[in-house]
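Trainee: Can you keep this structure in mind? I'll have questions shortly.
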Amino acid sequence: MFERAKLRRALRAAAGILLILFSALPPSAALAWKPTTHMQLAEIALQDALDDGRVTIMRVDPRTGAILGPLGDFPVSPQILAALKAAPDRYRAGVLGPDAYPDIMTGQQIIHPEVAKNESGRVIGSDAWLNHMWTRSYGGDASPEVRAFVSGFLTHAAGDSFAHTYVNHYSGGAFTLDPRQNAIRHIVMESYLDKRAPEVRHDLAVSIRGVDGFIHDEMIAARPGSVLERQLLLGDAEATNLSAPLSFSRLRNRLQADVDAGAESWATLAYKRAWIEDIDEGLRAWPAVSAEISAKIIYYPDQADFTGAAGILNRYARQHLWSMAGAPDFAVAVAYAPSQIAQALLPQALIDALGALLQKPLDYMVRGATGLTTEEWRDYMARPDHYFDEVMSGTSAQPNGHAVTLADFNHQQLGIADDAYASPALRWTVDGFAPAFNTVQLTKLGFLDADGLEAVERALGGPRSRGGANVMLGWLHSLDDSSQWRSGQARFSHPAVFNQLFRPQFGAP
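Residue numbers (mature numbering (1 follows the signal peptide of the UniProt record, and there is no 0)): -29 to -1, 1 to 480.
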């Protein structure tokens, strides 16, 4: 028979995941560029690449930061160009990056921070994930759809490297719930930048068709001894409880070890085999669920359909989650040991707790992710202009943050002639707002191969730098932190080159 203590530990982990699955409804608080802005900036680079197979790299005056004009048109990597042409919709899905895939909580708790390791065991964080995805796609025989998705994922990282640096300058550091004011500053600043962003297109096709297997195999299914299990899907107890792929992979691996040992009764082993199959089936379905939720609330937050997203998660719970958490599969359980197994796996207290949770999933998520009530969160998101001066112009609650008034921010940073929010139609421009320009510039550089990158260096007259197969590899250890461009580990890191490619911004890497 099952060991009750072991089962209870497994069930507590599963219950924690149930909490998180139903907490994945609103976009994360620490997204820097909101998803719509990520996609808008990526689309500029994408269309530049698709029109003639080349991208225009701009030259910046290193003394003034002004844009001087085109440095030149550089050919896109043949592999990347083929992928972008074949599957621009998969590229756009990848642009959402760990804000959507494999799911928002895994992205925030495991992919964004400095947690993952390289092959030698050294912690290099986000870069380990970027290298893993690049190697599994462009380093092998992956389909154009998968490669396009991975290029989009690297584009997301390019945007985060500049946007998080910028927002952290004002918020006082990377997103955290302690002090609470840091979280509020992030929400207000990021929401205001999104509110003043160029008009959003709502006709862009986004899909993970043909990529869901890759997401499952390379981002979710952490089998024993795999790269995911050893190096990437790592985390403390909190991260385990917040990540469905991590928690259920670990639960599955424990069950598989029991089955392989074969020390339990035949009925128990049969039940555990069925349980493993339920977990496998549920994890295979997870990428599609993430895509559906993203379509409802991530792509265009201003048109978010929370009711629809809740329906998707409720359906997933009925079809997969209960059995993944150990609810008896009647084809096995009824025939062999229904009452003992059912009682051991799903005590009434757990059933009651889950039932209560399902009634208010959004409240749980918002409090856990932002430290705010649902009403506070929605109000800060919807009216950042109303709270801007109250939150951003003082530093008493967050001494490391840089104070700024809305009037000064509009005029000095966004180039908007508005002392408040009297003229909503006025928006920042990509060339006029340094983090946006830098994001597009780095995205385009990410489309070049090694020969193209060396051609850029020659055109700038700077020294050659070390670098991997892609400009986004080898330096970005955390998508959340500031100034991640490390000298000697990234191309164009020499100031004579870097300052001719990227406009200066507060806290620029």
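Cβ coordinates follow ideal geometry from the N, Cα and C atoms, glycine included.
Quick check on this structure: which residue in Thr147, Asp131, Arg156, Leu55 has the alpha carbon closest to the alpha carbon of Pro115?
Mentor: Measuring from the Cα of Pro115, the nearest candidate turns out to be Leu55.
Trainee: Candidates Gly445, Ser220, Lys267, Leu203: which alpha carbon is nearest Ile247's?
Mentor: Per the Cα distances, Ser220.
Trainee: Please list, in chain order, all residues of the same chain as residue 482 whose beta carbon is under 8 Å from its beta carbon, the five residues on each side excluded.
Mentor: Outside the displayed range of the chain (-29 to 480) lies residue 482, so it cannot be described from this structure.
Trainee: Can you tell me whether Asp22 is buried or exposed? The criterion is at least 16 other CB atoms within 10 Å of its CB, across all chains shown.
Mentor: Exposed, because fewer than 16 other Cβ atoms sit within 10 Å of the Cβ of Asp22.
Trainee: List in chain order: all unbroken alpha helix (DSSP H) runs of 4+ residues lying wholly within the stretch 56 to 117.
Mentor: Complete alpha helix (DSSP H) runs here, min 4: 59 to 66, 97 to 108.
Trainee: Please classify Glu189 as buried or exposed, where buried requires at least 16 other C-beta atoms within 10 Å of its C-beta.
Mentor: Per the 10 Å Cβ criterion, buried.
Trainee: State the start and end residues of the unbroken beta strand (DSSP E) segment that holds Leu42.
Mentor: Where Leu42 is concerned, the enclosing beta strand (DSSP E) stretches over 38 to 46.
Trainee: Round the Cβ separation of Val198 and Tyr351 to the nearest angstrom and send it over; I've been treating them as touching at under 8 Å.
Mentor: Actually they are not in contact, since the Cβ atoms of Val198 and Tyr351 sit about 39 Å apart, beyond 8 Å.
Trainee: For the stretch 406 to 417 against the stretch 118 to 130, do three or more pairs of beta-carbon atoms, one drawn from each stretch, fall closer than 8 Å, so that the two count as touching?
Mentor: Short answer: they touch.
Trainee: Can you tell me which of the three DSSP states Met443 falls into?
Mentor: Of the three classes helix, strand and coil, the one that applies to Met443 here is coil, per DSSP.
Trainee: According to DSSP, what are the bridge partners of Val411?
Mentor: In DSSP, Val411 forms no bridge with anything.
Trainee: How many whole angstroms separate the CB atoms of His187 and Pro84, which I take to be in contact at a CB cut-off of 8 Å?
Mentor: That belief does not hold up - the Cβ atoms of His187 and Pro84 are roughly 23 Å apart, past 8 Å.
Trainee: State the Cα-Cα distance for the pair Ala266 and Ala234, rounded to the nearest angstrom.
Mentor: Looking at the two C-alpha atoms, the distance is approximately 46 Å.
Trainee: For Phe(-28), name the three-state secondary structure that DSSP assigns.
Mentor: For Phe(-28), the predicted model reports a pLDDT of 42, less than 50, meaning its position is unreliable; a value from the coordinates is still stated below. Phe(-28): coil per DSSP, three-state reduction.
Trainee: Under 8 Å Cβ to Cβ from Asn153, same chain only, skipping five residues before and after it: list those, please.
Mentor: Contacts found: Ser142, Gly143, Gly144, Phe146, Thr147, Gln369, Gly372.
Trainee: Count the other CB atoms within 10 Å of the CB of His173; is the residue buried (16 or more) or exposed (fewer)?
Mentor: His173 should be labelled exposed.
Trainee: Hey, how far is the Cα of Ile15 from the Cα of Ala71?
Mentor: Whole-angstrom Cα-Cα distance: 21 Å.
Trainee: Which residue comes first and which comes last in the alpha helix (DSSP H) that contains Arg286?
Mentor: Note, Arg286: alpha helix (DSSP H), 277 to 287.
Trainee: Less than 9 Å between the C-beta atoms of Asp251 and Ala192, yes or no?
Mentor: A contact, by the Cβ cut-off of 9 Å.
Trainee: Please list, in chain order, all residues of the same chain as Pro169 whose beta carbon is under 8 Å from its beta carbon, the five residues on each side excluded.
Mentor: So the list reads Gln11, Arg398, Trp399, Thr400, Val401, once near-sequence residues are dropped.
Trainee: With three or more C-beta pairs closer than 8 Å as the rule, is the stretch 47 to 63 touching the stretch 106 to 122?
Mentor: Yes: at least three Cβ pairs fall under 8 Å.
Trainee: Identify the residues that DSSP records as bridge partners of Ile28: which are they?
Mentor: Bridge partners of Ile28: Gly43.
Trainee: Going by beta carbon distance, what residues of the same chain come within less than 8 Å of Gly24, once the five residues before and after it are set aside?
Mentor: Cβ neighbours of Gly24 beyond the five flanking positions: Pro46, Val47, Leu52.
Trainee: Quick one: complete alpha helix (DSSP H) runs, 4+ long, within the stretch 346 to 416?
Mentor: As far as the stretch 346 to 416 is concerned, its whole alpha helix (DSSP H) runs of at least 4 residues are 355 to 363, 405 to 416.
Trainee: State the DSSP-derived secondary structure class of Asp451, mapped to helix, strand or coil.
Mentor: Note: Asp451 maps to coil in three-state DSSP.
Trainee: Any idea what DSSP makes of Asp231, helix, strand or coil?
Mentor: Asp231 falls in the helix class under three-state DSSP.
Trainee: Determine the direct distance from the alpha carbon of Arg225 to that of Pro406, and round the result to whole angstroms.
Mentor: The alpha-carbon atoms of Pro406 and Arg225 are separated by roughly 45 Å.
Trainee: Helix or strand or just coil, what does DSSP make of Ala168?
Mentor: If DSSP states are grouped into helix, strand and coil, Ala168 belongs with coil.
Trainee: I need the straight-line Cα distance from Asn86 to Thr8, nearest angstrom please.
Mentor: It is Val, not Asn, that sits at residue 86 in the sequence shown. If I take the Cα positions, the gap works out to 27 Å.
Trainee: Determine the closest residue to Gly437 out of Ala64, Gly445, Ala467, with distance taken between C-alpha atoms.
Mentor: Here residue 437 is Arg; the residue named in the question, Gly, does not match the sequence. Here the closest residue by C-alpha is Gly445.
Trainee: If distances are taken between C-alpha atoms only, which option among Val427, Tyr287, Asp360, Leu416 comes closest to Thr376?
Mentor: Per the Cα distances, Asp360.
Trainee: Determine the contact status of Trp105 and Ala440, defining contact as a CB-CB distance below 9 Å.
Mentor: Against a cut-off of 9 Å, the Cβ pair of Ala440 and Trp105 comes out as a contact.
Trainee: Pick helix, strand or coil for Gln476, following the three-state DSSP scheme.
Mentor: Gln476 falls in the coil class under three-state DSSP.
Trainee: Note down the Cα distance separating Glu263 from Phe404, rounded to an integer number of angstroms.
Mentor: Glu263 and Phe404: Cα-Cα distance of roughly 32 Å.
Trainee: Classify Phe185: buried if its beta carbon has 16 or more other beta carbons within 10 angstroms, exposed otherwise.
Mentor: With 16 or more Cβ atoms within 10 Å of its Cβ, Phe185 is classed as buried.
Trainee: Once you ignore the five residues that flank Asp19 on each side, which residues in its own chain have a CB closer than 7 Å to its CB?
Mentor: Hits under 7 Å: Val26, Thr27, Lys415.
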